[in-house]
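294 is the number that the working numbering gives the last residue of the sequence shown; the numbers go up by one with no jumps. We treat Cβ as the ideally placed atom computed from N, Cα and C, and that holds for glycine. Bear in mind the structure is a predicted one, so any value in this text is a computation, not a measurement.
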Amino acid sequence: MAVSPVWAETIASFTKNMQKQAGFIPVYYSSEDDKVYLQIEALDEPLLFQSSLPHGVGSNDIGLDRGQLGATRLVQFERYGNKLLLKQLNTEYRASADNPAERASIDEAFADSVIAGFTIAASDDDSVLIDYTSQLLSDIHGVAERLKGRQQGSFKADPQRSGVYLPRTKAFPLNTELEALVTFGGKGTGAYLRQVIPDADSVSVHMHHSFIALPDDGYEPREFHPFSGYWKHSWQDYSAPITEPLEQAYIRRHRLAKKDPSAPVSEAVEPIVYYLDPGIPEPVMSALR
Numbered sequence: 006m007a008v009s010p011v012w013a014e015t016i017a018s019f020t021k022n023m024q025k026q027a028g029f030i031p032v033y034y035s036s037e038d039d040k041v042y043l044q045i046e047a048l049d050e051p052l053l054f055q056s057s058l059p060h061g062v063g064s065n066d067i068g069l070d071r072g073q074l075g076a077t078r079l080v081q082f083e084r085y086g087n088k089l090l091l092k093q094l095n096t097e098y099r100a101s102a103d104n105p106a107e108r109a110s111i112d113e114a115f116a117d118s119v120i121a122g123f124t125i126a127a128s129d130d131d132s133v134l135i136d137y138t139s140q141l142l143s144d145i146h147g148v149a150e151r152l153k154g155r156q157q158g159s160f161k162a163d164p165q166r167s168g169v170y171l172p173r174t175k176a177f178p179l180n181t182e183l184e185a186l187v188t189f190g191g192k193g194t195g196a197y198l199r200q201v202i203p204d205a206d207s208v209s210v211h212m213h214h215s216f217i218a219l220p221d222d223g224y225e226p227r228e229f230h231p232f233s234g235y236w237k238h239s240w241q242d243y244s245a246p247i248t249e250p251l252e253q254a255y256i257r258r259h260r261l262a263k264k265d266p267s268a269p270v271s272e273a274v275e276p277i278v279y280y281l282d283p284g285i286p287e288p289v290m291s292a293l294r
């Protein structure tokens, strides 16, 4: 007698009493148990994953500051039976050759990193639903490691004192944003921490997760030159000719295109936009503007 797996329940049935936000990755929220679910429609397709720290610790000496960005990762969701894995792809070692076998040989030579795993809660023909709560309440930003490295004590994330922050959990056409208040429990032994935390044994910050669609292929990278004055981003190309270095280095630059391609100088199709923190006091705000 065949038995249907528990994740054979449809997404509509499973989420009928939840709040839904449609977008790049649709989000469902269950107020009954403070859980957030993601509907994954695109499997085995790369996207960007960015972590950040909207609410920091408050000590420059520790370095966990408000607005701090974490690692930018190239990731993809992969299905294995009733599990969904979030894999960070290895972008440091590649092969740019046209030969698929050559590219595959480098992909197989260097390991990727599975950074999270989920049991599928429900599924449809073209998508699956996962409970993302445990990952959202985890230490993806490396807060505990930073506190330990600054000799401020030993901590770990405590899910019982953490929760989904709905005001900044939203889905948009090209990105999905998730946020949580995450509390770290432990023994705060450092002077820096005791100076800024009401209870040095309990550190509560906000963690933000961003899933972002990759841009199209129109971007043209610019090679790095050591005299350019720019920072570089580099990776190892194992399909480079023997006479050439493995390191491929490019500058970090904005993507700009002329409104009038024939003009020597033209306005940009999409100009560079800088956003100012509304909490900046005067007269500093006016000076920045």
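Does DSSP classify residue i as helix, strand or coil?
i	result
V289	helix
P31	coil
S57	strand
I277	coil
V8	Only weak support is given to the placement of V8: the predicted model assigns it a pLDDT of 43, under 50, and the question is left unresolved by the model.
What separation, rounded to the nearest whole angstrom, lies between the Cα atoms of residue i and residue j?
i	j	result
R227	A126	44 Å
S18	L134	11 Å
G190	Y34	26 Å
Q44	N22	15 Å
G61	K153	16 Å
S139	P164	8 Å
D265	D144	47 Å
P59	P286	19 Å
M298	I247	The chain is shown from 6 up to 294; residue 298 falls before or after that span and cannot be answered.
K237	R257	6 Å
A185	E37	16 Å
V278	A162	36 Å
P301	P172	No answer is possible for residue 301: it lies beyond the span of the chain, which begins at 6 and ends at 294.
H230	R71	33 Å
P105	S267	38 Å
S239	K88	34 Å
F232	G86	52 Å
Y98	Q253	10 Å
A149	I202	15 Å
P178	I16	20 Å
P269	P283	37 Å
V208	E249	50 Å
F160	R151	10 Å
Tell me which residues share the same chain as residue i and place their Cβ nearer than 6 Å to its Cβ, disregarding the 5 neighbours each side in the sequence.
i	result
L183	L141, T174 and H214
R78	F54 and Q93
L90	E83, V119 and G122
Q24	Y34
T20	Y33
D117	K92, L94 and N95
Among the residues of its own chain, which have a CB less than 7 Å from the CB of residue i, if the five just before and after it don't count?
i	result
D131	E46
R1	The structure shown does not extend to residue 1, since the chain is modelled only from 6 to 294, so the question has no answer here.
Q200	S64
N180	F29, S215, F216, I217 and A218
A76	S56
D221	none
What does a CB cutoff of less than 8 Å around residue i pick up in its chain, not counting 5 residues either side in sequence?
i	result
A176	Q26, A27, G28, F29, I30, P31, V32 and E182
L251	Q241, D242, Y243 and A245
K5	Residue 5 falls outside the range modelled here, since the chain spans only 6 to 294, and no answer is possible.
L293	L281 and I285
S9	In this prediction, S9 has a pLDDT of 44, which is less than 50 and means its spatial position is unreliable; nothing more can be read from the coordinates.
How about residue i and residue j: are their beta carbons less than 7 Å apart?
i	j	result
D39	V169	yes
Y224	R260	yes
Y255	I111	no
I67	R155	yes
N95	F115	yes
S57	L69	no
E113	Q81	no
T194	G158	yes
Y137	V210	no
F216	L48	no
Y197	S64	yes
D206	K192	yes
Consider the C-beta atom of residue i and the heavy atoms of the ligand NAD; say whether any pair is separated by less than 6 Å.
i	result
S239	Among the components modelled here there is no ligand, and therefore nothing to report on the ligand NAD.
Runs of 4 residues minimum, wholly inside the region 186–269: which ones carry the alpha helix (DSSP H) assignment? Segments of the alpha helix (DSSP H) lying fully in the region 186–269: 196–201.
Quick check on the DSSP output: what are the complete alpha helix (DSSP H) runs of length 4 or more inside the region 134–179, in order along the chain? Listed in chain order, they are 138–141 and 148–154.
Whole runs of the alpha helix (DSSP H) within the region 57–129, excluding any shorter than 4 residues: Counting whole runs of 4 or more residues, the region 57–129 contains the alpha helix (DSSP H) stretches 105–114.
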